[in-house]
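K.L.:
Could you have a look at this structure, given as C-alpha coordinates, before my questions?
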(Lines of atoms letter the chains of each structure in order from A and count residues from 1; the text may use other names and numbers.)
(Lines give C-alpha, C1' and ligand atoms only; values in the text may rest on other atoms or scores of the structure.)
Protein backbone atom coordinates (compact mmCIF):
# COMPACT_ATOMS: atom_id res chain seq x y z
CA UNK A 1 0.00 0.00 0.00
CA UNK A 2 2.74 2.46 0.96
CA UNK A 3 4.71 1.77 -2.24
CA UNK A 4 1.62 2.46 -4.38
CA UNK A 5 1.08 5.77 -2.59
CA UNK A 6 4.69 6.73 -3.25
CA UNK A 7 4.34 5.92 -6.95
CA UNK A 8 1.08 7.85 -7.12
CA UNK A 9 2.70 10.83 -5.43
CA UNK A 10 5.59 10.81 -7.89
CA UNK A 11 3.24 10.61 -10.88
CA UNK A 12 1.09 13.43 -9.50
CA UNK A 13 4.18 15.58 -8.95
CA UNK A 14 5.29 15.10 -12.55
CA UNK A 15 1.77 15.85 -13.81
CA UNK A 16 1.70 19.04 -11.73
CA UNK A 17 5.06 20.17 -13.10
CA UNK A 18 4.00 19.39 -16.68
CA UNK A 19 0.66 21.17 -16.34
CA UNK A 20 2.34 24.22 -14.80
CA UNK A 21 4.77 24.37 -17.71
CA UNK A 22 2.04 23.98 -20.34
CA UNK A 23 -0.20 26.58 -18.69
CA UNK A 24 2.60 29.13 -18.46
CA UNK A 25 3.61 28.54 -22.09
CA UNK A 26 0.05 29.13 -23.34
CA UNK A 27 -0.98 31.73 -20.76
CA UNK A 28 1.88 34.18 -21.28
CA UNK A 29 1.33 34.92 -25.00
CA UNK A 30 -2.41 35.31 -24.44
CA UNK A 31 -1.88 37.74 -21.56
CA UNK A 32 0.70 39.76 -23.54
CA UNK A 33 -1.72 39.98 -26.47
CA UNK A 34 -4.62 41.05 -24.23
CA UNK A 35 -2.75 43.47 -21.98
CA UNK A 36 0.20 44.68 -24.03
CA UNK A 37 3.82 44.48 -22.95
CA UNK A 38 3.89 47.36 -20.47
CA UNK A 39 0.68 46.32 -18.71
CA UNK A 40 1.84 42.69 -18.67
CA UNK A 41 5.07 43.81 -17.00
CA UNK A 42 3.08 45.71 -14.41
CA UNK A 43 0.87 42.64 -13.92
CA UNK A 44 3.95 40.46 -13.29
CA UNK A 45 5.38 43.06 -10.92
CA UNK A 46 2.16 43.04 -8.91
CA UNK A 47 2.09 39.23 -8.84
CA UNK A 48 5.68 39.01 -7.61
CA UNK A 49 4.98 41.59 -4.90
CA UNK A 50 1.96 39.60 -3.76
CA UNK A 51 4.15 36.49 -3.74
CA UNK A 52 6.71 38.22 -1.55
CA UNK A 53 3.97 39.22 0.87
CA UNK A 54 2.81 35.59 0.87
CA UNK A 55 6.26 34.48 1.98
CA UNK A 56 5.43 36.02 5.36
CA UNK A 57 3.57 32.77 6.09
CA UNK A 58 6.94 31.02 6.65
CA UNK A 59 5.48 27.51 6.36
CA UNK A 60 3.46 27.79 9.54
CA UNK A 61 0.65 25.70 8.07
CA UNK A 62 2.92 22.65 7.85
CA UNK A 63 3.96 23.11 11.47
CA UNK A 64 0.35 23.48 12.53
CA UNK A 65 -0.70 20.29 10.76
CA UNK A 66 2.24 18.40 12.26
CA UNK A 67 1.52 19.38 15.86
CA UNK A 68 -2.25 19.16 15.49
CA UNK A 69 -1.96 15.61 14.15
CA UNK A 70 0.35 14.63 16.99
CA UNK A 71 -1.95 16.04 19.67
CA UNK A 72 -5.05 14.63 17.98
CA UNK A 73 -3.51 11.13 17.94
CA UNK A 74 -2.81 11.48 21.66
CA UNK A 75 -6.33 12.90 22.34
CA UNK A 76 -4.67 15.85 24.07
CA UNK A 77 -7.38 18.51 23.80
CA UNK A 78 -5.60 20.96 26.09
CA UNK A 79 -2.56 21.14 23.80
CA UNK A 80 -4.84 21.39 20.74
CA UNK A 81 -6.59 24.39 22.31
CA UNK A 82 -3.25 26.03 23.12
CA UNK A 83 -1.99 25.31 19.60
CA UNK A 84 -5.11 26.84 18.04
CA UNK A 85 -4.76 29.95 20.18
CA UNK A 86 -1.08 30.30 19.32
CA UNK A 87 -1.68 30.00 15.59
CA UNK A 88 -4.62 32.42 15.68
CA UNK A 89 -2.25 34.97 17.22
CA UNK A 90 0.52 34.19 14.73
CA UNK A 91 -1.73 34.36 11.66
CA UNK A 92 -3.47 37.50 12.94
CA UNK A 93 -0.09 39.19 13.37
CA UNK A 94 0.99 38.13 9.88
CA UNK A 95 -2.31 39.39 8.43
CA UNK A 96 -1.94 42.77 10.14
CA UNK A 97 1.67 43.10 8.94
CA UNK A 98 0.64 42.17 5.40
CA UNK A 99 -2.18 44.70 5.38
CA UNK A 100 0.12 47.44 6.70
CA UNK A 101 2.90 46.62 4.26
CA UNK A 102 0.45 46.36 1.34
CA UNK A 103 -1.12 49.70 2.25
CA UNK A 104 2.30 51.37 2.42
CA UNK A 105 3.23 49.92 -0.97
CA UNK A 106 -0.04 51.04 -2.57
CA UNK A 107 0.24 54.60 -1.25
CA UNK A 108 3.89 54.98 -2.22
CA UNK A 109 3.71 53.28 -5.63
CA UNK A 110 4.14 56.52 -7.60
CA UNK A 111 7.28 57.47 -5.68
CA UNK A 112 8.78 54.01 -5.93
CA UNK A 113 8.24 53.55 -9.66
CA UNK A 114 8.30 57.15 -10.88
CA UNK A 115 11.38 56.70 -13.05
CA UNK A 116 11.21 53.01 -13.98
CA UNK A 117 7.63 52.66 -15.30
CA UNK A 118 5.94 54.31 -18.25
CA UNK A 119 3.26 56.93 -17.59
CA UNK A 120 0.09 55.21 -16.43
CA UNK A 121 -2.52 56.11 -13.88
CA UNK A 122 -2.35 54.07 -10.70
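Residue numbers (this note's numbering): -11 to 110. Virtual Cβ for every residue (Gly too), placed ideally from N, Cα, C.
Enumerate in chain order the residues of its own chain whose CB-to-CB distance from residue 11 is below 7 angstroms, with the five nearest sequence positions on each side excluded.
P.N.:
Residue numbering aside, residue 11 sits at position 23 when the chain shown is read from its first letter. Taken in chain order, the list of residues that qualify is empty.
K.L.:
Which value, in whole angstroms, describes the spacing of the CA atoms of residue 40 and residue -3?
P.N.:
Here residue 40 refers to the residue found at position 52 when the chain shown is read from its first residue. Here residue -3 refers to the residue found at position 9 when the chain shown is read from its first residue. Rounded to the nearest angstrom, the two C-alpha atoms are 28 angstroms apart.
K.L.:
Can you tell me the Cα-Cα spacing of residue 54 and residue 104, whole angstroms?
P.N.:
Numbered from its first residue, the chain shown carries residue 54 at position 66. Numbered from its first residue, the chain shown carries residue 104 at position 116. If I take the Cα positions, the gap works out to 44 angstroms.
K.L.:
Can you tell me whether DSSP reads residue 47 as helix, strand or coil?
P.N.:
In the chain shown, the residue the question calls residue 47 occupies position 59. In this structure, residue 47 counts as coil in the three-state DSSP scheme.
K.L.:
Below 9 angstroms between beta carbons: does that hold for residue 93 and residue 100?
P.N.:
Residue numbering aside, residue 93 sits at position 105 when the chain shown is read from its first letter. Residue numbering aside, residue 100 sits at position 112 when the chain shown is read from its first letter. Yes, they are a contact pair.
K.L.:
If you compare alpha carbons, which of 6, 30, 45, 19 is closest to residue 78?
P.N.:
The residue labelled residue 78 in the question sits at position 90 within the chain shown. Taking only the C-alpha atoms, the option nearest residue 78 is 45.
K.L.:
By Cβ distance below 6 angstroms, which residues in the same chain neighbour residue 75 in space, the five residues on each side in sequence not counted?
P.N.:
As a working note, residue 75 is residue 87 in the chain shown. 52.
K.L.:
Measure the CB-CB distance between residue 59 and residue 65 and report whether it falls below 9 angstroms.
P.N.:
The residue you call residue 59 lines up with position 71 of the chain shown. The residue you call residue 65 lines up with position 77 of the chain shown. Cβ atoms of residue 59 and residue 65: closer than 9 angstroms.
K.L.:
Looking only at its chain, what residues have a beta carbon closer than 7 angstroms to the beta carbon of residue 20, apart from the 5 residues adjacent to it on each side?
P.N.:
What you label residue 20 is simply residue 32 of the chain shown in a count that begins at 1. Cβ neighbours of residue 20 beyond the five flanking positions: 28.
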